[in-house]
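Using my numbering, read the sequence shown as starting at -7 and increasing by one per residue.
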Amino acid sequence: MRTAEIREAYLSFFEEKGHLRLPSFSLVPENDPSLLFTSAGMAPLKPYFLGERPIFGGKEWRRVTTCQECLRVGDIENVGRTARHNTYFEMLGNFSFGDYFKKEAILWAWEFLTERLRLDPNRLWVTVFQDDDEAYAIWRDLVGVPEERIGRFGEEENYWPGGAITHGPNGPSGPCSEIFYDRGPEFGTPDETGPNTGSGDRFVEVWNLVFTQYDRQGPIPGPGILKPLPQKNIDTGMGLYRMAAILQGVEDFYRTDTFFPLIEEVVRLSGRPYEGKASVPHRVIADHIRAVVAALSDGVTFSNTGRGYVVRRLLRRALRYGYLLGLSEPFLHRLAPLVAELLGDFYPEMREHLEATVRQVRLEEERFLETLEGGLKRLETLLSGLKPGEVLPGKEAFRLYDTYGFPLDLTVEIAAERGFGVDTEGFQKAMAEQQERSRAHMAFEREIFKRSAEALEELYAERGATEFLGYTTLEGEGEVL
Ligand code: ATP
Ligand code: MG
Ligand code: MG
Ligand code: MG
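Below, the structure written as structure tokens:
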């Protein structure tokens, strides 16, 4: 089944079950400043779980189904390294706002997987929250899943949001039940005996059914109080690309129909073959360009703060992986039309804004490659000066960051490839000193500004206007990038 067919099968299945099909919401959350990007199908629908009336097209709909594009920057380290994580991905979902509950959600998920998609029921495993006897009984007695394939886990795995009872956040939450597909022992590690065990790729989580029935309130960290919501809700999320990989019988979702043409283009441009797991650069490039095109198509522009910064970071990361493949000229903008071709039927904004996207990507690439080249040369020189066992001094890592826009993770990654560590504490110290200097500088500027605009201009003329090419701390992530 092609990816588009799976998407359509899902949406029409839930339409048959009385759901209204809505188009994907934007990647940029409309009324939720707390959220950088839409990261799950339920995010744009949150008010309806809390009791706001779900009116669409002048009519009330208590059942809705969507295919939502999502961006999870938090998964960036996993991209290319696991066979199941993207930054940009699509999540299929069916939602109940105070309408049906656990029984229907579970029975329909099972029906869709085993009858519509014809997955082998013997390969499906499920998990429930440790205290959720109700969900356990539905799986065992109504669906007929054997007890040895039903796992009970704690709030980190089987409560949504993960660990919310203990750590927060406050808001709509509930126990969840996850469905896993067993790809077979050849994909696992010996310690992997079922979902959420071991460290292999054998049990792939494909679908999460969330029973949104509590409003978590109280101190953070907790323990919080779980106040029953006035209505019981259902929120589910099925990963489209994970499902595509399973149904297309490929061990690696970069080999599915909406990814592989991008991988092939990277192969063509670089002359470097694709070797699955060993080809992290190909994978990162294919993943990140999709995220960049999707975000720009939803109105984000490259910048040094907020969303624009995240997109800038994705582009730069992809470029640096390209550089590893010998792609030292701008090339990402050449992949953008392919992304629009592969995903544009469902996300027409990608086609609408393609020209502007290509232009912006190209400009951004040109600017960064100039600095990247300088920085890589500098880092090479520094690394070849190190003796085995030595680490790159934090001060030098900070200079690379400050002057060439090298985020620390990039320096650490490149150094590690050559067998060296980086003094990250020293980096943080240099960063803190710089922030102190910049605070003092800002105070000075504010002081000048109070006197006159001319005085400020004089000051700039004196120092020379320096363009900021480096990275900034991203608010909320608490991580120096
Ligand atoms: P995992 O444990 O594998 O990281 P998750 O529990 O974080 O997944 P959920 O938040 O439950 O994922 O999201 C619902 C579904 O969306 C998952 O079951 C999975 O199929 C899909 N999904 C989640 N994160 C990603 C990702 N980074 N890339 C692709 N698909 C994803
Ligand atoms: Mg996850
Ligand atoms: Mg999980
Ligand atoms: Mg999950």
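Glycine included, each C-beta is placed from N, C-alpha and C at the ideal position.
Where residue i and residue j are concerned, what is the direct C-alpha to C-alpha distance, given to the nearest angstrom?
i: Phe360; j: Arg308; result: 7 Å
i: Glu69; j: Lys51; result: 43 Å
i: Gly66; j: Leu28; result: 11 Å
i: Arg45; j: Lys224; result: 14 Å
i: Trp53; j: Thr119; result: 30 Å
i: Glu344; j: Tyr92; result: 38 Å
i: Lys421; j: Glu388; result: 12 Å
i: Leu466; j: Thr293; result: Residue placement at Leu466 cannot be trusted, given a pLDDT of 29 that sits under 50; the coordinates are not used to answer.
i: Gly72; j: Gly366; result: 26 Å
i: Ala332; j: Asn296; result: 25 Å
i: Glu(-3); j: Glu341; result: 20 Å
i: Lys94; j: Glu107; result: 19 Å
i: Leu368; j: Tyr233; result: 34 Å
i: Gly418; j: Pro220; result: 48 Å
i: Thr228; j: Glu178; result: 29 Å
i: Leu378; j: Tyr393; result: 19 Å
i: Leu239; j: Arg282; result: 22 Å
i: Thr363; j: Glu357; result: 10 Å
i: Asp125; j: Glu22; result: 37 Å
i: Thr(-5); j: Asp337; result: 12 Å
i: Ala216; j: Gly143; result: For clarity, residue 216 is Gly in the given sequence; the question names Ala instead. Roughly 25 Å separates the two Cα atoms.
i: Met(-7); j: Asp249; result: 9 Å
i: Tyr2; j: Arg304; result: 33 Å
i: Arg55; j: Val20; result: 23 Å
i: Gly43; j: Met34; result: 14 Å
i: Gly247; j: Pro222; result: Reading off the sequence, residue 247 comes out as Arg, not Gly. Distance between the alpha carbons of Arg247 and Pro222 is about 45 Å.
i: Tyr396; j: Ile277; result: 21 Å
i: Gln122; j: Val196; result: 20 Å
i: Ala129; j: Leu306; result: 44 Å
i: Ala445; j: Glu321; result: Unreliable positioning characterises Ala445 in this predicted model, as indicated by a pLDDT of 46, which lies under 50. The coordinate reading is nonetheless provided below. Rounded to the nearest angstrom, the two C-alpha atoms are 41 Å apart.
i: Leu12; j: Ala97; result: 16 Å
i: Gly470; j: Phe398; result: With a pLDDT of 26 at Gly470, under the threshold of 50, the modelled position of that residue is not reliable, and no figure is offered here.
i: Pro329; j: Val302; result: 21 Å
i: Tyr151; j: Leu99; result: 20 Å
i: Ile406; j: Met423; result: 20 Å
i: Ala310; j: Leu324; result: 8 Å
i: Cys168; j: Asn114; result: 21 Å
i: Arg(-1); j: Arg326; result: 27 Å
i: Asp478; j: Thr373; result: An answer regarding residue 478 cannot be provided, because it is not within the stretch -7 to 473 covered by the chain.
i: Ile157; j: Val350; result: 45 Å
i: Asp401; j: Arg391; result: 14 Å
i: Thr30; j: Gly190; result: 30 Å
i: Glu103; j: Asp133; result: 15 Å
List the endpoints of the continuous alpha helix (DSSP H) containing residue i.
i: Val303; result: Gly298 to Leu316
i: Met34; result: Element bounds for Met34: n/a, residue is neither H nor E.
i: Asp125; result: Asp125 to Ala129
i: Gly379; result: Reading off the sequence shown, one finds Lys at residue 379, where the question assumed Gly. Segment: none, Lys379 is in no alpha helix (DSSP H) and carries neither H nor E.
i: Lys94; result: Lys94 to Glu103
i: Thr57; result: No alpha helix (DSSP H) holds Thr57; the beta strand (DSSP E) holding it covers Arg55 to Leu63.
i: Ser475; result: The question about residue 475 has no answer, for the chain in this structure spans -7 to 473.
i: Glu82; result: Element bounds for Glu82: not the alpha helix (DSSP H) but the beta strand (DSSP E), Tyr80 to Phe89.
i: Val331; result: Leu324 to Leu335
i: Ile406; result: Leu400 to Glu409
i: Pro273; result: Val272 to Ser289
i: Ile511; result: Because the chain is modelled from -7 through 473, residue 511 falls outside the range shown and cannot be assessed.
i: Lys387; result: Gly386 to Tyr396
i: Phe203; result: First-last for Phe203: Phe195 to Gln209, but that is the beta strand (DSSP E), not the alpha helix (DSSP H).
i: Arg(-1); result: Thr(-5) to Glu8
i: Leu340; result: In the sequence as displayed, the identity of residue 340 is Pro instead of Leu. Segment Pro340 to Glu344, the alpha helix (DSSP H) holding Pro340.
i: Ile520; result: This structure cannot settle anything about residue 520, because the visible part of the chain is limited to -7 through 473.
i: Leu239; result: Leu232 to Leu239
Assuming residue i contacts residue j (C-beta within less than 8 Å), just tell me the rounded distance between them.
i: Val198; j: Met230; result: 6 Å
i: Ile47; j: Ala101; result: Actually they are not in contact, since the Cβ atoms of Ile47 and Ala101 sit about 27 Å apart, beyond 8 Å.
i: Asn162; j: Gln205; result: The pair is not a contact, with the Cβ atoms about 15 Å apart (cut-off 8 Å).
i: Ser16; j: Tyr339; result: 7 Å
i: Val284; j: Val353; result: 7 Å
i: Gly192; j: Glu184; result: 5 Å
i: Trp117; j: Pro213; result: Not quite, the Cβ-Cβ distance comes to about 31 Å (not below 8 Å), so this is no contact.
i: Pro253; j: Leu334; result: 6 Å
i: Ile255; j: His274; result: 5 Å
From what residue to what residue does the beta strand (DSSP E) around residue i run?
i: Glu170; result: Gly163 to Asp174
i: Gly143; result: Ile142 to Phe145
Original post:
Are there three or more Cβ pairs, one per stretch, closer than 8 Å when the region 81 to 97 is compared with the region 47 to 61?
Top reply: yes
Subject >> Those residues, in chain order, that have a beta-carbon closer than 6 Å to some heavy atom of ligand 4 >> reply: Glu170, Glu197 and Asn200
Original post:
Is it a yes or a no for the region 259 to 273 touching the region 314 to 322, going by three-plus beta-carbon pairs under 8 Å?
Top reply: yes
Original post:
Using 8 Å as the threshold, is the region 280 to 294 in touch with the region 235 to 249, meaning 3 or more CB pairs across them?
Top reply: no
Original post:
Any chance the region 374 to 384 sits against the region 400 to 413, with 3 or more Cβ pairs inside 8 Å?
Top reply: yes
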